[in-house]
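Report on one structure; see the data block that follows.
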Amino acid sequence: MSIDRLLSEISSGYYIRQVLVITLLTGYGFLLLQIFRQEISVLWQGLLSFPAGLAFYAVTGYVLLGTGIRFCTVSVTAAMLLALTGMFLITKKRGQVILPIDRRGLCLILLASLLAACLCCSGLLSVILENDSYYYYSEYPQVLVKEGHWKFQMDVYLTDVGPVAAIINALPFLFGFANSFGIQHALNISFLGIFYLSLYEKLREKKDKRSSVLLSLLAAVFLATSPAFLTTAKWIMAGEYFMIFFFLIMVLGDRVLRSPGKPETALLLALTVFNISLCMIRQEGILFSLFLIICLSAKELSNRQLVLFFWMPAAATAGIYYAWLYLILHVRPDYSFLTAGKALLAMGASAAVGFYLVCIRGRVLLRIQEKLLYLIPGMLAAANMLLLLLDHKRYLTNLYMMLMNIRLRNGWGYFGWFFALGCLAVFYRMLRKKEWKITFTDTVMLGELLMMLCAIWARGPVLQLGIGDSGNRVLLTAVPVMVYAVILRLSGSGQSSS
Amino acid sequence: MEANFFDVKKCIKRFLLPALFLVLILINCFSLVKEFPQKVPLYRFDLSNQTMYLPEYLEDGRHPDAFLREFVRDKKVKFYTEFRTYESYRFGGEPEYTENKFQYYIDNNYGYFFREFSGDYEIDPGVPRPYTVTHSENTETWKNSFTYLGPSNDMLRYSFAANDDHDMDRILYYKNNYFHYAWNYMGSYERRAYISLDDPDAETWIACWDLGENLYLMSEDRFNIEKSREEK
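Protein chains in written order, with this note's numbering: chain L, 32 to 529; chain H, 3 to 234.
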């Protein structure tokens, strides 16, 4: 029998199962958002459904593993159904009005999702595969499903693969198919829609409808055709999920407040789930999550909301995982990305952010806190200077390699030139119109890039030339945020203060 | 005239960014067609192949374990390994084994792989052990007639995740450690994975391997034929 025919026989049923999983996760996410649906538009609900459903699945899986309950098809499905039922009952008990489920909306979302899933799983859209895709993001998740628990022998998989990335890539082995290509493409499509909508709403604050639609659409198409975006979007690893969850937290965090002090509950729920997922999607995810929490603290969310919905879930998520690795399993790979020392540093950073939220924010140094959006990139720039002083050779080599990778278009296409010209145009506009006020988006973009330089320095080996270098791939995940921030600046939108 | 000038200026201002984006999109498309496929390893699967293995991998022997993980997922695999602990190798064993820590890996790693990824498995003493396979006349026949899937070094390197033999006292914890496995399998001689695809629909398969860690996977029927031929 030819290998083609054999693979075809093996694949029997895989396509429909992956399509169904995507559709059902979308439906689940839609129902989740329905709990508070009167607060966000149908369009937002529709676009957020799959990311929310996927993130909630990942969080459920994480909770199962973290509590030592067997991670398997039955437990995950049961837990997700219980959680959804529980949330409906709790909100009903609290006397919140539960309108009938928008059945028409649900049918439309399911249909759209089904069609999109059919395309995403068809193989029409190519993927990028490397050795790590086969072992870290396929074989390890398969072992995780088989074993049902985190185990000592998983060794370097535990320290090098973000647990949420492993859980997401475990979907094929939980539900009877072989790869997560369709899931990744479906998330990309949702993301591009969210990118368009969030940009449109921001531009609409200052521009007319036609211009906003045109510019947002072109920006989304630009992103969708950019090699710098596609390299991450197509690569079967954790980068795509990191890129999307980070962006989602930024845009949803920016719009979570309809009016001062009154956050949209549905978005807070979505943000919590995305934040937990971001924490553990890559081993350095917790640091970026804490960074976003500090940025969000510049907004008019209360300390209680920041602690309950952002800080505590992030700290607990990371703490549980580190406890498993170093207190329960005692893993000690000879070579690993995450070490006990780094874990301790991460928890220390987490404690520091918690201290800031509880004891400092809104209480002391108020004048300084008013300038938080300036302080954040300033402090990160200072941190970079410190790293430069600590090991200037490593820091400068990383910077040089980063620029060379961009110049040689290793995964970047011509994005480097576009971004450089865009920044020049932004500076020109800032000078002409005296738009010196930094915005939330500016801070997130600058901060993310500076944090990435720190993370690349801290990982150990210097950045290498080539598309496959992990540092290069980490930088590529900042592309959507960079595009978004530059467009807002160039169009004069997003200039309102936090 | 003045009104017209301001209209034009307004028009340029309004459409400058969109026009710029159109140009950038065209440059992107050019880059996608001309450069992108050369820069990144792009793969396209299709409706009929929903695995992670492409037929073209067979030509250059890539990712044999991606194929095997899928192939044995619903099958029963019989092999012989006792899953002896590392400790037992330190203090000797059967005469044909030397005091050799690599013997631990030779005996166990394929076993760990099939135990983890096959639908069902059975430890069958009737399946020849590595020493026997090495000295069997069948081996050359198998190498010539079976399909060669590719080097299995990575497959063996990553079998650590299925190895539950670890010394809780941490004296010898490294034995199933990724690094130790990596050192053994990277940059050293090629281990080869062979499979007989005479009867791919067979439910039960036999996995055996030689002292060079070359894997021979065949259906039980094929194995019985080979066995009776050798006995003659």
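All C-beta atoms in this analysis are idealised placements derived from N, C-alpha and C, irrespective of residue type, glycine included.
So which residues on chain H does residue i lean against when the C-beta distance must stay under 9 Å?
i	result
Pro82/L	Ordered by position in chain H, no residue passes the 9 Å Cβ test against Pro82/L, which lies about 23 Å from the chain.
Ala509/L	Here the premise fails: no neighbours, minimum Cβ distance about 18 Å.
Thr262/L	Phe38, Lys41 and Val42
In the structure shown, what three-state DSSP assignment does residue i receive?
i	result
Thr206/H	strand
Phe81/H	strand
Asn51/H	strand
Tyr426/L	helix
Asp122/H	strand
Val129/H	coil
Met268/L	coil
Ile41/L	helix
Val287/L	coil
Trp75/L	helix
Val42/H	coil
Gly214/H	coil
Leu219/H	strand
Ile275/L	helix
Ala509/L	coil
Trp144/H	helix
Ala68/H	helix
Glu178/L	helix
Leu421/L	helix
Ser524/L	coil
Ala216/L	It is worth fixing the name first, because residue 216/L is His in this sequence and not Ala. The answer is helix: DSSP assigns His216/L an H, G or I state.
His137/H	coil
Glu295/L	coil
Leu199/H	coil
Tyr166/L	helix
Thr256/L	helix
In chain L, which residues lie with their C-beta within 8 Å of the C-beta of residue i?
i	result
Glu37/H	Pro258, Arg440 and Gly444
Tyr160/H	Tyr166 and Glu170
Asn30/H	Phe253, Thr256, Ser257, Pro258, Gly444 and Tyr445
Arg193/H	By Cβ distance, chain L contributes nothing, its closest Cβ being about 16 Å from Arg193/H, past 8 Å.
Ile27/H	Leu249, Val252, Phe253 and Thr256
Leu213/H	Near Leu213/H there are no residues of chain L at all, since even the closest Cβ is about 25 Å away, more than 8 Å.
Arg86/H	Per Cβ cutoff of 8 Å: no residues; Arg86/H is ~16 Å from chain L at best.
Can you check DSSP and say which residues form a bridge with residue i?
i	result
Pro153/H	Arg194/H
Ile498/L	For Ile498/L, which the question treats as bridged, DSSP gives no partner whatsoever.
Tyr387/L	Answer is none; Tyr387/L lacks a bridge partner.
Val158/L	Tyr45/H
Using a C-beta to C-beta distance shorter than 7 Å, which residues of chain L count as neighbours of residue i?
i	result
Met54/H	Tyr165, Ser169, Ala209 and Asn210
Arg16/H	Ser242
Glu118/H	Val174 and Lys177
Ser33/H	Pro258, Gly444 and Tyr445
Phe148/H	Chain L residues near Phe148/H: none, gap ~13 Å exceeds 7 Å.
Taking a contact to mean a Cβ-Cβ separation below 9 Å, would you say residue i touches residue j in this structure?
i	j	result
Ser396/L	Ile469/L	The identity of residue 396/L in the sequence shown is Leu, whereas the question assumes Ser. Going by C-beta atoms, Leu396/L is not nearer than 9 Å to Ile469/L.
Ile317/L	Ala380/L	yes
Leu327/L	Tyr272/L	no
Leu189/L	Val362/L	yes
Ser33/H	Pro511/L	no
Met54/H	Ala509/L	no
Thr472/L	Leu519/L	yes
Phe81/L	Ser221/L	yes
Ile307/L	Tyr387/L	no
Gln105/H	Tyr82/H	no
Leu60/H	Gly121/H	no
Met343/L	Arg504/L	no
Asn216/H	Arg193/H	yes
Tyr231/L	Ala196/L	no
Thr57/L	Ile159/L	no
Phe305/L	Ile225/L	no
Closer than 8 Å by beta-carbon distance: list the chain C residues that pair up with residue i, in chain order.
i	result
Leu49/H	Here chain C cannot be found, since the structure's protein chains are L and H.
Cβ closer than 8 Å: which chain H residues qualify as neighbours of residue i?
i	result
Glu161/L	Pro43
Val32/L	Note that residue 32/L is Met in the sequence shown, not Val. Here the neighbours are Leu199 and Pro202.
Leu245/L	Pro20
Examine the ligand ADP and report whether any of its heavy atoms sits within less than 8 Å of the Cβ of residue i.
i	result
Tyr106/H	The ligand ADP is absent from the structure shown, which contains no ligand whatsoever.
For residue i, which residues in chain H fall below 7 Å Cβ to Cβ?
i	result
Val187/L	Tyr180
Asp35/L	Pro57
Would you mind telling me which residues of chain L sit closer than 9 Å to residue i, beta carbon to beta carbon, in chain order?
i	result
Glu72/H	Leu38, Ile41, Ser42 and Ala209
Exercise for the section: Report the residue ranges of all alpha helix (DSSP H) runs contained in full by the segment 310–363 of chain L; include only those spanning at least 4 residues, in chain order. Expected result: 316–327, 334–337 and 343–354
Exercise for the section: Please go through the segment 392–417 of chain L and give each complete alpha helix (DSSP H) segment of 4 or more residues, from N-terminal end onward. Expected result: Within the segment 392–417 of chain L, the runs of alpha helix (DSSP H) at least 4 residues long that lie entirely inside it are, in chain order, 397–400.
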